[in-house]
Structure formats: C-alpha cells, structure tokens
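Throughout the sequence shown, residue numbering follows the numbering used here, covering 5 to 365 in sequence. For each residue, glycine too, the CB sits at the ideal point set by N, CA and C. Read the structure below first, then the notes.
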Amino acid sequence: MKKLACVFPKGENVHLTKDVGLIPYFLDHEGYFESTIAFYSDPKDLPYLGTEIKGVRYARIKKIFRNEYVNILLFLLLRIREFDIVMMFHPNYFSLSIAYLIKKLSFNRTKFYFKMDLDSTFDFSGLYKKSWKRKIFNYLMSKMDLLSVESYDDFKQFHQFGKFRVKHVPNGIIPSTNNHFEKENVLLTVGRLGSYQKDTESLLRAFKLANPKELKLILIGHLESGFQSFVDEYFKDYPWLIDKIEFKGEVKDRTELMNYYQKSKFFVLTSRHEGFPLVLLEAISNGCFIISSDFPAARDITDNERYGRIFQAEDDETLAKLILNCDQNEFSLPSPQEMSTYADIKYNWKQVVYDIYLSLK
Numbered sequence: 005m006k007k008l009a010c011v012f013p014k015g016e017n018v019h020l021t022k023d024v025g026l027i028p029y030f031l032d033h034e035g036y037f038e039s040t041i042a043f044y045s046d047p048k049d050l051p052y053l054g055t056e057i058k059g060v061r062y063a064r065i066k067k068i069f070r071n072e073y074v075n076i077l078l079f080l081l082l083r084i085r086e087f088d089i090v091m092m093f094h095p096n097y098f099s100l101s102i103a104y105l106i107k108k109l110s111f112n113r114t115k116f117y118f119k120m121d122l123d124s125t126f127d128f129s130g131l132y133k134k135s136w137k138r139k140i141f142n143y144l145m146s147k148m149d150l151l152s153v154e155s156y157d158d159f160k161q162f163h164q165f166g167k168f169r170v171k172h173v174p175n176g177i178i179p180s181t182n183n184h185f186e187k188e189n190v191l192l193t194v195g196r197l198g199s200y201q202k203d204t205e206s207l208l209r210a211f212k213l214a215n216p217k218e219l220k221l222i223l224i225g226h227l228e229s230g231f232q233s234f235v236d237e238y239f240k241d242y243p244w245l246i247d248k249i250e251f252k253g254e255v256k257d258r259t260e261l262m263n264y265y266q267k268s269k270f271f272v273l274t275s276r277h278e279g280f281p282l283v284l285l286e287a288i289s290n291g292c293f294i295i296s297s298d299f300p301a302a303r304d305i306t307d308n309e310r311y312g313r314i315f316q317a318e319d320d321e322t323l324a325k326l327i328l329n330c331d332q333n334e335f336s337l338p339s340p341q342e343m344s345t346y347a348d349i350k351y352n353w354k355q356v357v358y359d360i361y362l363s364l365k
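Here is the structure:
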C-alpha cells in the first residue's frame, strides 16, 4: 500500500478534526493509503490521535531552524524513500520549490497534493500578472500531481485561467448518526467570537434591531480579547435582551456541541471573509437552516439558497430582517431530515477522499 504524509508543521489537536486530520484518516480508514500526519507538536498534546483519527500514524517534525520551510525540507529529505505521496496546504513559492526538488530527487516517484484552502479574499487577478515570479509560480503549480480548491466558484475561476489543472474537492463531514431532530426556536453561531473575521458585533446589532419575540440566540466559542467589554456594554444598553441571548463559551466536547446543532432550527454566520467553513457543514448536516454572509462556500453549501439565505457582510439591516423572518416563520423551511440527507450525500468524507484517491493512486 502506498504511504501518504500530511505535512502541516503548526498543526494542533483541533486540526485533527478538520481537513488536516480527516483527509488522511479517511484515506487510511478506507484502505487507499497508509497515512501519517506530521506536525511540530509533541504527540502527548494531540489526544485526538487516539480517539478521533485512531489508526493514523504520527511523525514529529523537528524544529531545528527558525525557517519553517527549511524544517519541512529536512523532514522530507530524511524520509524521501518513506512516503509515496505528500499532502500540503496553501501553496507558495517556498513550498512548491520544496515539492519540485523532492520530486526531482526521487526521480518523480514522490507525488505532491496541495490543498489550496482558499479564503474568499483571494485575488484571482494576480494570476494573470506577467512578472517572472508569476511565471515561475505557474510553472511549479503545473508540475504538481494534484491541486484542489473547495468551492465551485473558485474551481471555475482556475479552469478559466487554464495554466494548471485544479480539481474541485470540497471539505467533508462525517454523516450524522441522528436523523430525528427536535428543533427549538434557536439561532446558533459557533466560532471565535469577537474576532474581526467573524464580525460577531454585526450579529448582536442585527439581533437588537430585529428584537425577535420567540427566537433565542446562542453563541458558542472563545471570546476574543476585548470583546467581553463590548458584550457588557451591549447588555447595559439593551437589558431586555439578556434573557434572549446566551454565551456558552468554548464547547470542546464534540457530543455536546452536536447536541446544540441538533436542537437549533437556524444557524447564522456573519463572517467578513471565509474559506470553506466546517461549521456550515456541521450545521446543515444537523438539519439547521443557514443564514450566512455571502462567500462562495456559503452558496455551495446552501445549494444556492435552497437550504438557507445569504446577505452581504456587515449589512446589519438585512440580517435583522432575516432574523425577523426566522422568528415569524416566514420561510418555507425544508425539513431537517431533507437538509441533513442532502449534506450527508454531497459532503460525505468517504466520497471526498475517494475522488482524491483516484487522482493520486
């Protein structure tokens, strides 16, 4: 069996339940490749290795040099005969150059897979620049064995560009084991609360404008530095909302987190920019109707608003109207079972990794 290494130096335990850990896990679990994950981290700080992705091997990258790419190069050189496939993220001149060198030294035996993991702020116009740096980048990209993007819009952009071949490979989910949902009038959000990217302030302002009668807002996640003062001032100014809004903090237990998804009728994401967020997949897999700011993955996951509604980021008034629509049951909602089945079929990790396997076998 061929051996695959997922190289992600700054990986932490939480990454093992995301694409970084789950793609190698399912490639291994389904019998396609023998998978190894490589971080800087001490394995004792990675408890999910023995639980969430049990069976995947671990190789620790030695942090010998200050430069991350030199450490990656040394790691791969020392194991040049060990791995048949190397998976990496976010291709740039340095990582692509390492891949190109390893391919040459291994007489093209070693294959490289770059998961591009694009954010919605990615500037596609930069691809068309005529500089020598861009020509080198495009050349290196063209020599990789597999390049993938998560959203269909991004895939179309690269297809139109045409200088190198890119495959559409979305992120996936582990299908929900529960198809019996007892939904409550809850609007749920999960993420780094108060970060600039997530724009939680916009959500709270919109909720105040909507002032729903029945709907409760539940926020799960770590509060970023300085955000607590915003929350304190918010409840001081709008004390009538205290009983309608709950901050649950960070929920690390996966079963408990899934229980929140399963009881929530709606899920909201107000990000200024995003890639292909796991929270939207978790939400729709658990039968939540999605309210999201506009970015390519949101259009994919909601099936172009069949299973949700989309608004422009930072548009508090439109978001407030959508919240009021949720409160007053003005949406013709698909059943939670229909949304869950749609997600489990379209974004099942087993199907996602099968497509990867076909491109790398």
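{"Item": "How would you label Asp304, buried or exposed, when you count the other beta carbons within 10 angstroms and need 16 or more for buried?", "Value": "buried"}
{"Item": "Skipping 5 residues on each side, what residues in its chain have a beta carbon closer than 7 angstroms to that of Asp32?", "Value": "Glu38, Ser39, Gly59, Val60"}
{"Item": "Rounded to the nearest angstrom, how far is the Cβ of Pro174 from that of Glu154, given a contact under 8 angstroms?", "Value": "5 angstroms"}
{"Item": "Where are the beta strand (DSSP E) runs, 3 residues long or more, that stay fully inside the region 178-266, in chain order?", "Value": "188-194, 220-224, 249-253"}
{"Item": "Output the boundary residues of the beta strand (DSSP E) element that contains Met91.", "Value": "89-93"}
{"Item": "May I ask you to list the residues that DSSP assigns as paired with Phe270?", "Value": "Leu191, Phe293"}
{"Item": "Give me the Cα-Cα distance between Phe159 and Phe315, rounded to the nearest whole angstrom.", "Value": "22 angstroms"}
{"Item": "Pairing CB atoms from the region 261-271 with CB atoms from the region 181-194, are three or more of them under 8 angstroms?", "Value": "yes"}
{"Item": "Considering Leu82, what are the terminal residues of the alpha helix (DSSP H) in which it resides?", "Value": "72-82"}
{"Item": "Measuring alpha carbon to alpha carbon, tell me which residue in Asp241, Gly225, Arg258, Ser233 is nearest Glu250.", "Value": "Gly225"}
{"Item": "Is it true that the CB of His277 sits closer than 7 angstroms to the CB of Ser152?", "Value": "no"}
{"Item": "For Asn290, which of Leu82, Leu100, Asn182, Leu8 has the nearest alpha-carbon?", "Value": "Asn182"}
{"Item": "Rounded to the nearest angstrom, what separates Arg83 and Ile76 at their Cα positions?", "Value": "11 angstroms"}
{"Item": "Please name the residue or residues paired with Gly312 in a DSSP beta bridge.", "Value": "Ile294"}
{"Item": "If you count every other CB in all the chains shown that lies within 10 Å of the CB of Phe30, and 16 or more means buried, which is it?", "Value": "buried"}
{"Item": "Are there 16 or more other CB atoms within 10 angstroms of the CB of Thr259, so buried, or fewer, so exposed?", "Value": "exposed"}
{"Item": "With a threshold of 8 angstroms on Cβ separation, who are the neighbours of Asp348 within its own chain once the five nearest residues in sequence on each side are excluded?", "Value": "Ile177, Pro179, Ser180, Ser289"}
{"Item": "How about Tyr73 and Phe98: do their beta carbons lie closer than 7 angstroms?", "Value": "yes"}
{"Item": "Taking Cβ to Cβ, would you say Arg313 is nearer than 7 angstroms to Ile295?", "Value": "yes"}
{"Item": "Please report how far the alpha carbon of Lys220 lies from the alpha carbon of Lys212, in whole angstroms.", "Value": "12 angstroms"}
{"Item": "Can you look up Ile41 in the DSSP assignment and give me helix, strand or coil?", "Value": "strand"}
{"Item": "Beta carbon of Lys67, beta carbon of Tyr36: below 7 angstroms?", "Value": "no"}
{"Item": "Alpha helix (DSSP H) containing Phe159: first to last residue?", "Value": "156-165"}
{"Item": "Assuming Ala103 contacts Ala210 under a Cβ cut-off of 8 angstroms, what Cβ separation, rounded to an integer in Å, is found between them?", "Value": "Going by Cβ atoms, the distance from Ala103 to Ala210 rounds to 44 angstroms, so no, they are not a contact pair."}
{"Item": "In this structure, does DSSP put Phe98 in helix, strand or coil?", "Value": "helix"}
{"Item": "Excluding the 5 residues flanking Glu228 on each side, which residues of the same chain have their C-beta closer than 8 angstroms to its C-beta?", "Value": "Arg196, Leu197, Gly198, Ser199"}
{"Item": "If you run the structure through DSSP and keep just helix, strand and coil, what is His368?", "Value": "Since the first residue of the chain shown is 5 and the last is 365, residue 368 is not available in this structure."}
{"Item": "So Lys354 and Glu34 are supposed to be a Cβ contact under 8 angstroms. How far apart are they, rounded?", "Value": "6 angstroms"}
{"Item": "Give the DSSP-derived three-state secondary structure of Lys14 in the structure shown.", "Value": "coil"}
{"Item": "Below 7 angstroms CB to CB, which residues in the same chain sit around Lys22 once its five sequence neighbours on both sides are set aside?", "Value": "Leu282"}
{"Item": "Which value, in whole angstroms, describes the spacing of the CA atoms of Tyr238 and Glu205?", "Value": "10 angstroms"}
{"Item": "Terminal residues of the continuous alpha helix (DSSP H) containing Tyr117?", "Value": "From DSSP, Tyr117 is part of no alpha helix (DSSP H) but of the beta strand (DSSP E) over 115-119."}
{"Item": "Relative to the C-alpha of Pro95, which candidate in Met120, Pro51, Tyr62, Asn308 has its C-alpha closest?", "Value": "Met120"}
{"Item": "Within 10 angstroms of its Cβ, does Lys217 collect 16 or more other Cβ (buried), or is it exposed?", "Value": "exposed"}
{"Item": "Answer with buried or exposed for Gly166, where buried requires no fewer than 16 other C-beta atoms within 10 angstroms of its C-beta.", "Value": "exposed"}
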